[in-house]
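When you read off a place in the sequence shown, starting at 1, and then add 3, the result is the number in our numbering.
Using N, Cα and C, we set each Cβ at its ideal position, and we do this for glycine too.
Step one of this worksheet: look at the structure below.
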Amino acid sequence: MVAVPSGDESSKTKVLKPPTLMNHGQLHWRVIKNFLMSRNPIMRELRRAWRLAEQELNPSPLDSAEVPKAPTWDLELQRRSLLKHAAAVGLLLPAGSLLSACSHKTVQPSGRANSKSNGDVVIIGAGIAGLTAAYELGKSGISCRIFEASNRLGGRMYTLENFNSDGMTCDLGGELIDTDHTELRGLCKELHVPVGAFASEDQGRTPNLYYFDGRYRTNHELVEAAKKIVPRFEVDKAKPASWWDQQTLAQYLKSLPMDPWVLRFFQVAYASEYGLDAEELSALNFLWMFELKDPSVFSPYGESDETFRIIGGNIQLMRVLAKAIESQGSRILLNRPMIRINEKDSDLQLDFDSPSGTQTVHADRVILTLPFSVLRNIEGVNKLNLHPLKSQMIQEMSNGNNSKIILGFSDRYWHREMHQGKHRAPASTGYFFTDLPIQTGWDCSRLQSGKSGILCSYSGGSDALSLRQRKISDVLAGLDRVFPGVRKIYDGNSAAMDWISSPLSRGSYMAFRPGQSTRFGKIAGKPELGGKLLFAGEHTARKSAGFMNGACVSGLDAARSLVAEVQGRAPAPAPVAQ
Numbered sequence: 004m005v006a007v008p009s010g011d012e013s014s015k016t017k018v019l020k021p022p023t024l025m026n027h028g029q030l031h032w033r034v035i036k037n038f039l040m041s042r043n044p045i046m047r048e049l050r051r052a053w054r055l056a057e058q059e060l061n062p063s064p065l066d067s068a069e070v071p072k073a074p075t076w077d078l079e080l081q082r083r084s085l086l087k088h089a090a091a092v093g094l095l096l097p098a099g100s101l102l103s104a105c106s107h108k109t110v111q112p113s114g115r116a117n118s119k120s121n122g123d124v125v126i127i128g129a130g131i132a133g134l135t136a137a138y139e140l141g142k143s144g145i146s147c148r149i150f151e152a153s154n155r156l157g158g159r160m161y162t163l164e165n166f167n168s169d170g171m172t173c174d175l176g177g178e179l180i181d182t183d184h185t186e187l188r189g190l191c192k193e194l195h196v197p198v199g200a201f202a203s204e205d206q207g208r209t210p211n212l213y214y215f216d217g218r219y220r221t222n223h224e225l226v227e228a229a230k231k232i233v234p235r236f237e238v239d240k241a242k243p244a245s246w247w248d249q250q251t252l253a254q255y256l257k258s259l260p261m262d263p264w265v266l267r268f269f270q271v272a273y274a275s276e277y278g279l280d281a282e283e284l285s286a287l288n289f290l291w292m293f294e295l296k297d298p299s300v301f302s303p304y305g306e307s308d309e310t311f312r313i314i315g316g317n318i319q320l321m322r323v324l325a326k327a328i329e330s331q332g333s334r335i336l337l338n339r340p341m342i343r344i345n346e347k348d349s350d351l352q353l354d355f356d357s358p359s360g361t362q363t364v365h366a367d368r369v370i371l372t373l374p375f376s377v378l379r380n381i382e383g384v385n386k387l388n389l390h391p392l393k394s395q396m397i398q399e400m401s402n403g404n405n406s407k408i409i410l411g412f413s414d415r416y417w418h419r420e421m422h423q424g425k426h427r428a429p430a431s432t433g434y435f436f437t438d439l440p441i442q443t444g445w446d447c448s449r450l451q452s453g454k455s456g457i458l459c460s461y462s463g464g465s466d467a468l469s470l471r472q473r474k475i476s477d478v479l480a481g482l483d484r485v486f487p488g489v490r491k492i493y494d495g496n497s498a499a500m501d502w503i504s505s506p507l508s509r510g511s512y513m514a515f516r517p518g519q520s521t522r523f524g525k526i527a528g529k530p531e532l533g534g535k536l537l538f539a540g541e542h543t544a545r546k547s548a549g550f551m552n553g554a555c556v557s558g559l560d561a562a563r564s565l566v567a568e569v570q571g572r573a574p575a576p577a578p579v580a581q
């Protein structure tokens, strides 16, 4: 359990309890970099500073391009900002948690599509990957049964409703959407699920607060730090992926010329980004994160902006998807954890733990959306005749460890200039980055009506583990260092989620340790058993891996692959949101 307060602090805390191909050894890093995508604001700020450093060290005609600037403010010196706006972060995830705040009734369909050639199709997991796959199958007249282990929809897209007296929501898992997450945005548009953008709310406020080594840092300092590192990186990036993947990120970072606070900045960025400390991560993560796809194009804002949010929380999309799936004739069965899988002649036999006892189901085709850290504990998985690399990946790959702690406040104090003694900070959007255990966080009350405010702390690696043992007062103390005086308006509302504690997630999202990226490549999403067994979930995505959009893409791909096999044609491309 994460940061569950004790004593008087627990009066309003929402206590969220977890339930009971090929060898790519010399493959160039660009082939596998889809797994290594920026998910959080602090990493995006490093990318932006890095690109500005490259720009200053290697001037080009693009230097004349106008770079939007955010408002400046005076701490020890005049801050220089190169950010149009910041983004926020979420845990992205596929199906599978027994956490129960957003339960949903079992869908009872009005009928089932009748097509013998389709056979019986079963989907394991009612997160965004599983539900998207079911919805896509339904468009082609293929109905299915979706088995979900928990008593709610969404997996790690998990919305807590009525968090405070203003009726605000907060998402404890996946939260925000990028501009280029076209599949997820397209799905929302198709289903008429409202999506809001943050740009108008953020105007006129300092985008980010950096608090490292006991004082605020500036974008200018980050750019200057990056300029010391770029020349070395320009040499190292020509080396093969295997060179990078054989060493830890910690080893590579310590070889670079940087001040101690800059090293800590990188360590915090990667811990919150991947849920593992630098000592556990492959150095290949560094290579991808700071290399432009097209060096001829100056892109100071990176590839992940997380500009959008589903109005009312991500549960709104889950509910609409469930209704659409019901209307197509498919069934969603909650409280059905899979306990066993076996290949039986031409089909697959699946055993589920149901309220009435063990339920055995035979399926012609199965789409599995469980993360590999959960899948390997299912009886029979290790006996399936899978590709050896896929079997090895299932047994070895683990998710990162991230936790999210959310606190309520009587107003949005951080929107105005803050003072406490000699300590002061500017009006801000609420985004922060720090070497304190709270690491990074943002304002969760944006795009919501009411005067109340909500801040979250999002941490990864050992800091996330240590926060489990802390009280709410410890988290408040950290926030008060970044936003001086904010603890005085804490309203007593809090919620906490630690995904590593749930046996149906066992972590936040897939994270690659040394040697794993080059060894496994993109085999995660490859069908097995002659096409009878398909895989979906953020960990299998061909794009946007680690994001909600990645899970959505993987569900679309699995469904289209199944439909194409049934109809004897190539899978159709995904639609693009406008």
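Bridge partner(s) assigned by DSSP for residue i
i, result
"W445", "C459"
"A514", "S401"
"C173", "L163"
"D414", "D414 pairs with nothing; no bridge assigned."
"V125", "R148, V369"
"Y493", "F412"
"G360", "S357"
"T251", "S285"
"D501", "S406"
"R218", "F215"
"H422", "R427"
"G130", "G157"
Rounded C-alpha distance that separates residue i from residue j
i, j, result
"S508", "S401", "10 angstroms"
"A228", "M261", "7 angstroms"
"L378", "R159", "16 angstroms"
"G464", "D354", "35 angstroms"
"G305", "H365", "Bear in mind that the predicted position of G305 carries a pLDDT of just 37, short of 50, making it too unreliable to give a figure here."
"Y138", "L479", "42 angstroms"
"L163", "W417", "23 angstroms"
"C447", "L179", "10 angstroms"
"N211", "Y461", "15 angstroms"
"Q398", "S452", "46 angstroms"
"S275", "G510", "13 angstroms"
"R415", "S359", "49 angstroms"
"C459", "W445", "6 angstroms"
"P440", "V566", "47 angstroms"
"F268", "L256", "11 angstroms"
"I475", "N380", "34 angstroms"
"K386", "L392", "14 angstroms"
"S1", "G122", "Since the first residue shown for the chain is 4 and the last is 581, residue 1 is missing from the structure and cannot be characterised."
Residue range of the beta strand (DSSP E) that includes residue i
i, result
"D262", "Taken as a continuous stretch (DSSP letters only), D262 belongs to no beta strand (DSSP E), as it is neither H nor E."
"V369", "368-371"
"M292", "Element bounds for M292: not the beta strand (DSSP E) but the alpha helix (DSSP H), 287-292."
"K347", "341-347"
"P210", "209-215"
"V198", "198-200"
"S153", "Here S153 belongs to no beta strand (DSSP E), and DSSP marks it neither H nor E."
"R583", "Lying before the first or after the last residue shown, residue 583 is absent from the chain, which here runs from 4 to 581."
"G433", "431-437"
"S357", "350-357"
"R585", "In this structure the chain extends from 4 to 581, so residue 585 is not present and cannot be described."
"R312", "311-313"
"R379", "Neither: R379 is in no beta strand (DSSP E) and is coded neither H nor E."
Residue from the options with nearest C-alpha to residue i
i, options, result
"E151", "V226, A567, F166, S357", "S357"
"N404", "A325, G444, R471", "R471"
"L252", "Q352, D280, P243, R235", "D280"
"S245", "L336, N288, P429", "N288"
"R148", "I127, T135, L156", "I127"
"L134", "A325, K142, Q331", "A325"
"D348", "F201, D367, N380, Y214", "D367"
"L337", "A554, G130, G122, L371", "G130"
"S413", "R155, S168, P530", "S168"
"Q362", "F375, M341, N380, I370", "M341"
"E282", "V196, Q250, R188, G176", "Q250"
"I313", "V569, G488, D174", "D174"
"Y277", "A539, R473, A548, S557", "A548"
"I370", "L194, A527, Q206", "A527"
"M171", "G315, K230, D181", "G315"
Residue i: first and last residue of the uninterrupted alpha helix (DSSP H) it sits in
i, result
"G481", "475-485"
"H223", "222-239"
"T185", "185-193"
"N552", "551-570"
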